[in-house]
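When the letters of the sequence shown are read in order and numbered with the numbering used here, they come out as residues 1 to 378.
By construction, the Cβ of each residue, glycine as well, lies at the ideal position given by its N, Cα and C atoms.
None of the values given here were measured: they were computed from a predicted structure.
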Amino acid sequence: MIELKNVTKKFDNFYVLKNVNATINDGDVISIIGPSGAGKSTFIRLINMLEVPSEGQIFVDGEEITASGYRVENIRQKIGMVFQDFNLFKHLTLLENVMKPQIDIKKKLLVDAYTESIRLLDVVSLSEKAKRYPHEISGGQKQRAAIARALAMDPSIILFDEPTSALDPTMISEVEEVIAELKSMGKTMIIVTHEMGFAKRVSNRVFFMDDKTIYEEGTPEEIFDNPKKDKTKRFIKNLRLLIIVIDRKDCDYWGYEADIDKYAMKNHISVKGRTRLKLAFEELVRGIIMDKLGNEPRVNIVLEYSNQTEKLKMTIKYNGDYFNPKDSDNDLSYHVLKSAMDGIEYSEIHDDPVYKNQVELVLDDQLLQNLYKKIKKQ
Ligand code: ADP
Ligand code: MG
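See the structure below:
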């Protein structure tokens, strides 16, 4: 059990957390969500004493780890940590990475550390890569190796700081599977993650952090489907959206397309649907709109997938004069756009200081519906 009592953390005179109280029970799997800078990383770093509280106390299994004279090595044996950027030792193979903490901290015999490391790499399905170096494997595999290394201390508690946010969607699920597996092993886990589907599946409690504290907490259903407080509501709504703002001519189109692709993939849009979506973005934004906006473009793009209608809506607002893309000189781009999307609707905006135009695109990705119908028929 972990208990935080009136924990405050400040850096110089800047408060990151103020009077945080929390109890985490054995076997709890807690997802932490919240805006960037809310103190999520600081919160979990305090729990294994990577940061020291400015005020307040933290107890782990009844023992005060914040007491003066407490030996930090004790907590490192009990609590494992997995970081966003893996933090593997680059000059060591995966096997050696997993062996290292057992030899350094647990003072195990080489042969025992070896045997245990082979077993742990098997748990994360990496036994075949044991002799590889981190640069020779994918991001998802690196993260699984980092999890094996955390497991090497046989911790009862594992902290994860955005373990999948540096990964592509295909690799996200392989890491999530491993974490779900740890749950079945009875590990207590605290996971900073914005992956809603995963958080719902794996955790029994969700902490939403804001205002320098745990602003709202509840079951995944309570927080994701029925948040009560304003800031939580707003955050959850935005979590379901992808928002892109373009405010310069030489912007990173590739990066935006990658973001769009990721978002669509996360919402189970088919490969064909994703291609159509990127094509629409390319032709409309890059091919038509940006040309019209001169040197101070402002384009706001919001993607929203609705589970109810199974349609993806892309709303594009832009500045400049009133201009319907249909009247563009770029016939080819508009033609491609039309064939890529299932709906295009232009409207003028009259009450916004920046945006004068809005285009709503709809993608009706049939793949899921067809699959559903097919399965239902059987
Ligand atoms: P989150 O993980 O929710 O994005 P963090 O816990 O990383 O938030 O950071 C919370 C705030 O504390 C941020 O404003 C950050 O800049 C600040 N902060 C974090 N670590 C330090 C540090 N070592 N020194 C000074 N400020 C820090
Ligand atoms: Mg963080």
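_Would you say the beta carbon of Asp210 is closer than 8 Å to some non-hydrogen atom of the ligand MG?_
No.
_Given this structure, state the Cα-to-Cα distance separating Tyr256 from Thr66, to the nearest angstrom._
44 Å
*Let me know the secondary structure DSSP gives Ile375 once reduced to three states.*
helix
_Closer than 5 Å to the ligand ADP: residues, by C-beta to nearest heavy atom, in chain order_ = Phe11, Val16, Ser36, Gly37, Ala38, Gly39, Lys40, Ser41 and Thr42
*Any idea which residues DSSP pairs Phe89 with across the strands?*
Phe89 is not bridged to any residue.
*DSSP beta-bridge partners for Gly343?*
Looking at the DSSP output, Gly343 bridges to Val362.
*Under the three-state DSSP convention, the category Met1 falls into*: coil
*Answer yes or no: the CB of Asp61 versus the heavy atoms of the ligand MG, is any distance below 8 Å?*
no
*asked:* Comparing C-alpha positions only, which one of Asn300, Leu17 and Gly34 sits nearest to Phe224?
replied: Gly34
*Going by DSSP, which residues form a beta bridge with Asn357?*
Tyr318 and Glu348
*Mind checking Val245: buried by the 16 CB within 10 Å criterion, or exposed?*
Residue environment analysis places Val245 among the exposed positions, since fewer than 16 neighbouring C-beta atoms fall within 10 angstroms of its C-beta.
*Can you tell which of Arg71, Ile289 and Glu296 has the C-alpha that lies nearest to the C-alpha of Tyr346?*
Ile289
*What are the complete alpha helix (DSSP H) segments, minimum 4 residues, inside the region 22 to 67?*
40 to 47
_Using the three-state DSSP reduction, which class does Ser184 fall into: helix, strand or coil?_
helix
_Any non-hydrogen atom of the ligand MG closer than 8 Å to Asp85 Cβ_ = no
*Could you pull the start and end residues of the beta strand (DSSP E) that Arg149 belongs to?*
Looking at the DSSP string, Arg149 is not in any beta strand (DSSP E); the run it does join, the alpha helix (DSSP H), is Gly139 to Leu151.
_Within a Cβ cutoff of 6 Å, which residues of the same chain sit near Tyr379, ignoring the five residues on either side of it in sequence?_
The chain is shown from 1 up to 378; residue 379 falls before or after that span and cannot be answered.
*Expressed to the nearest angstrom, what Euclidean distance is found between the alpha-carbon atoms of Ile243 and Ser165?*
Between the alpha carbons of Ile243 and Ser165 lies a distance of about 17 Å.
_Paired residues, beta bridge with Asp161 - DSSP_ = Val192
*Residue of Glu195, Ser54, Met49 and Thr275 minimising C-alpha distance to Asp12*: Ser54
*Going by C-alpha distance, which of Lys317, Asp230 and Leu94 is nearest Ile118?*
Leu94
_Range covered by the alpha helix (DSSP H) that runs through Ser203_ = Here Ser203 belongs to no alpha helix (DSSP H), and DSSP marks it neither H nor E.
*asked:* Can you tell me whether Val16 is helix, strand or coil according to DSSP?
replied: strand
*Mind checking whether the beta-carbon of Val299 lies closer than 8 Å to any heavy atom of the ligand MG?*
no
*Sorry if obvious, but does the Cβ on Asp161 come closer than 8 Å to a heavy atom of the ligand MG?*
yes
_Same chain only: Cβ atoms within 7 Å of Ser328, ignoring 5 sequence neighbours per side_ = Here Ser328 has Ile288 and Tyr334 as same chain residues with Cβ atoms under 7 Å from its own Cβ, once five neighbours each way along the sequence are excluded.
*asked:* On a Cα-Cα basis, can you pick out the residue from Met341, Phe198, Arg286 and Leu120 that is closest to Leu277?
replied: For Leu277, the closest C-alpha among the options Met341, Phe198, Arg286 and Leu120 is that of Met341.
*Sorry if obvious, but does the Cβ on Val192 come closer than 8 Å to a heavy atom of the ligand MG?*
yes
_Less than 9 Å between the C-beta atoms of Ile79 and Glu3, yes or no?_
It is not a contact, given that the beta carbons lie outside the stated cut-off.
*Spatial neighbours of Lys40 within its chain, please: CB distance less than 6 Å, with the 5 preceding and 5 following residues excluded, ordered by chain position.*
Excluding positions up to five away in sequence, the list reads Ile32, Gly34, Val192 and Met209.
*Host alpha helix (DSSP H) of Ser125 (start-end)*: No alpha helix (DSSP H) contains Ser125, which DSSP labels as neither H nor E.
*What are the complete beta strand (DSSP E) segments, minimum 3 residues, inside the region 246 to 333?*
299 to 306 and 311 to 318
_Would you say the beta carbon of Phe235 is closer than 8 Å to some non-hydrogen atom of the ligand PLP?_
The ligand PLP is absent from the structure shown, which contains only the ligand ADP and the ligand MG.
*Do Lys187 and Pro155 have their CB atoms nearer than 9 Å?*
yes
_Cα-Cα separation, Lys338 to Tyr263_ = 22 Å
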